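J.: Chains as they are written, first to last, in the numbering used here: chain U, 1 to 140; chain B, 1 to 140; chain L, 1 to 140. One structure is given below, represented as structure tokens, and several questions about it will come after.
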Amino acid sequence: MWLQREVVLRARRRGFHLVTDEVLAALPELGEVRVGLAHLFLRHTSAALTVNENASPDVRRDLAAWFDAAVPEEAPLWTHTLEGPDDMPAHVKTALLGPSLTVPVARGRLALGTWQGIYLCEHRDAGGPRSLLVTLWGEE
Amino acid sequence: MWLQREVVLRARRRGFHLVTDEVLAALPELGEVRVGLAHLFLRHTSAALTVNENASPDVRRDLAAWFDAAVPEEAPLWTHTLEGPDDMPAHVKTALLGPSLTVPVARGRLALGTWQGIYLCEHRDAGGPRSLLVTLWGEE
Amino acid sequence: MWLQREVVLRARRRGFHLVTDEVLAALPELGEVRVGLAHLFLRHTSAALTVNENASPDVRRDLAAWFDAAVPEEAPLWTHTLEGPDDMPAHVKTALLGPSLTVPVARGRLALGTWQGIYLCEHRDAGGPRSLLVTLWGEE
């Protein structure tokens, strides 16, 4: 079984956001997969995907704080400044976090750990909606 | 061919640890795969997986030293401190390294380079055993 | 359909390099895949793969500048210095960026976003040619 579908994640403010429910809502066919994988690919270069704690909002805030401090907007490093001060830091953060995730599927569900959630890491101040290409494959 | 199996990695102290042999020992069916992939997914948010040098223990020590310096425990950034000073840095390090690996399989073996080994990156002082979900698929 | 092939990326100087065209040229069979995935795996521990902006060379230069500043050659951290001052920083950068990419394939093409390109991140001063193992699978 193969399924490939674009999911448009609604625009979010800069920061780390839990999107597990939004992804699941777009994949009703997940329940038919006995064993397989779901590949999520963000088709952008200034936002990323990761997996992290799904409970405390503090974790998402602190993640954003660390990345903003480690990749500052005002730095003598940057020469690519034409698209705004948040653009080049967004490219670096995206490289650090990565554009994709592969999550195992078991008995019709994403086999995430108890505390794991899927994060959209939005690095632009006004990134707009984000295109996520989901590919699901496995055995029914 | 599809195979999915939980492998419990034994508890390790904080640091970077080679686990290639432990993963291989849990996958005797690998020898049956002519061409395929092995996906390793750590079901936690304070430990990660990566691939790096399999020879010198210095590399693993220096990796830990860099990550500890880049993501310090004592930092005014952190608000999520309830679970101990090593917890929030562990979430950041996990985001930087990622929870999963996909390794190609060729002629019944992981097609790692000569110097590549699979690392468990344990970021907690007392993380305990770690649940790794392995999915193997390909052609026999 | 399964295809697995080694692609040797020609030697490049230290830095971030667009290699999308070089990868595509090695995969003429891509056009036969209706829906699938391409997995790229670099069989090294001092070079990495990522996806980032395919247009401005400034982005690639600034990415290199940030990584060089964040993981400096001259640092009291390093004990693994036998293979030269660029070696241990190369291992850390590789851990941060990762050795592999999985890119969706749709209607015979890599389903990259408009601005996305595949990067070889070469972290050694004289890394030489790099072995990339490509695995392609999907439905024809």
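All C-beta atoms, glycine included, are put in the ideal place defined by N, C-alpha and C. This structure is a prediction, so every number in the text was calculated from the model and none was measured.
1) Under 8 angstroms, do B:Leu35 and B:Glu139 count as touching if we go by C-beta distance?
2) For chain L, is any of its Cβ atoms less than 8 angstroms away from the one on B:Leu37?
3) Is any beta-carbon of chain D found at less than 8 angstroms from that of B:Gln4?
4) Listed in chain order, which residues of the region 71 to 105 of chain L have Cβ atoms closer than 7 angstroms to some Cβ of chain B?
5) Quick one: what does DSSP say L:Glu74 is sitting in, helix, strand or coil?
6) Suppose you measure from the CA of B:Ala25 to the CA of B:Val7; what does that come to, to the nearest Å?
7) Is the region 116 to 134 of chain L in contact with the region 49 to 61 of chain L, if contact means three or more CB pairs nearer than 8 angstroms?
8) Touch check for the region 122 to 132 of chain L and the region 83 to 96 of chain L: three-plus C-beta pairs under 8 angstroms?
9) Just the Cα atoms here: how many angstroms apart are U:Leu30 and L:Leu18?
10) As a quick exercise: from L:Arg13, L:Met1, L:Asp21, pick the residue whose alpha carbon is nearest that of L:Leu112.
11) Return the chain-ordered ranges of every beta strand (DSSP E) run that is complete within the region 32 to 75 of chain U and spans a minimum of 3 residues.
12) Comparing the C-beta of B:Ala65 with each C-beta of chain L, is any distance below 8 angstroms?
13) Should U:Thr149 be flagged as near chain B, meaning a C-beta pair shorter than 8 angstroms?
14) For B:Thr114, is the classification buried or exposed, using 16 other Cβ atoms within 10 angstroms of its Cβ as the cut-off for buried?
15) In chain order, what residues of the same chain have a beta carbon less than 6 angstroms from the beta carbon of L:Gly149, not counting five sequence neighbours either side?
16) Check whether the Cβ atoms of B:Leu77 and U:Asp62 lie closer than 8 angstroms to each other.
17) With a cut-off of 8 angstroms, does the C-beta of U:Glu53 fall near any C-beta of chain B?
18) Counting only beta-carbon atoms, is B:His147 nearer than 8 angstroms to chain U?
19) Quick check on L:Val59 - is its C-beta less than 8 angstroms from some C-beta in chain U?
20) Against L:Leu133, what residues of chain B qualify as contacts under a CB-to-CB distance less than 7 angstroms, listed in chain order?
21) I'd like to know whether the C-beta of U:Arg43 is nearer than 8 angstroms to at least one C-beta of chain L.
22) Helix, strand or coil, according to DSSP, for B:Val19 in the structure here?
23) Judging by CA-CA distance, which residue of L:Val103, L:Val134, L:Ala11 is the nearest neighbour of U:Val134?
T.: Judging by the given coordinates:
1) Per the sequence presented here, residue 35 of chain B reads as Val, with Leu not at that position. Yes; because the gap between Cβ atoms is below 8 angstroms, this pair is in contact.
2) Taking a beta-carbon distance threshold of 8 angstroms, B:Leu37 counts as an interface residue toward chain L.
3) The structure shown has no chain D; the protein chains it does contain are U, B and L.
4) Legend: CB atoms of the region 71 to 105 of chain L lying less than 7 angstroms from CB atoms of chain B belong to residues Val71, Leu77, Trp78, Thr79, His80, Met88, His91, Val92, Thr94, Ala95, Leu96, Gly98, Pro99, Ser100, Thr102.
5) Of the three classes helix, strand and coil, the one that applies to L:Glu74 here is coil, per DSSP.
6) Cα to Cα, the separation comes out at about 10 angstroms.
7) They touch, by the three-pair rule.
8) By the criterion of at least three beta-carbon pairs nearer than 8 angstroms, the region 122 to 132 of chain L is in contact with the region 83 to 96 of chain L.
9) Whole-angstrom Cα-Cα distance: 35 angstroms.
10) Looking from the CA of L:Leu112, the closest CA among L:Arg13, L:Met1, L:Asp21 belongs to L:Asp21.
11) Within the region 32 to 75 of chain U, the runs of beta strand (DSSP E) that reach at least 3 residues and sit entirely inside it are, in chain order, 35 to 42, 47 to 53.
12) Judged by the 8 angstroms Cβ criterion, B:Ala65 is in contact with chain L.
13) The displayed coordinates of chain U run from 1 to 140. Any statement about residue 149 of chain U would go beyond what the structure contains.
14) B:Thr114 should be labelled exposed.
15) Limits of chain L in this structure are 1 at one end and 140 at the other, which puts residue 149 of chain L out of reach.
16) It is a contact, given that the beta carbons lie within the stated cut-off.
17) Cβ-Cβ to chain B under 8 angstroms: yes for U:Glu53.
18) With chain B running from 1 to 140 in the structure shown, residue 147 of chain B is simply not present.
19) Yes, contact with chain U.
20) What L:Leu133 touches in chain B: Pro104, Ala111.
21) For U:Arg43, the nearest CB of chain L lies under 8 angstroms from its own CB, placing it at the interface with that chain.
22) The answer is coil: DSSP assigns B:Val19 none of H, G, I, E or B.
23) Each of L:Val103, L:Val134, L:Ala11 was checked against the Cα of U:Val134, and the nearest Cα belongs to L:Val103.
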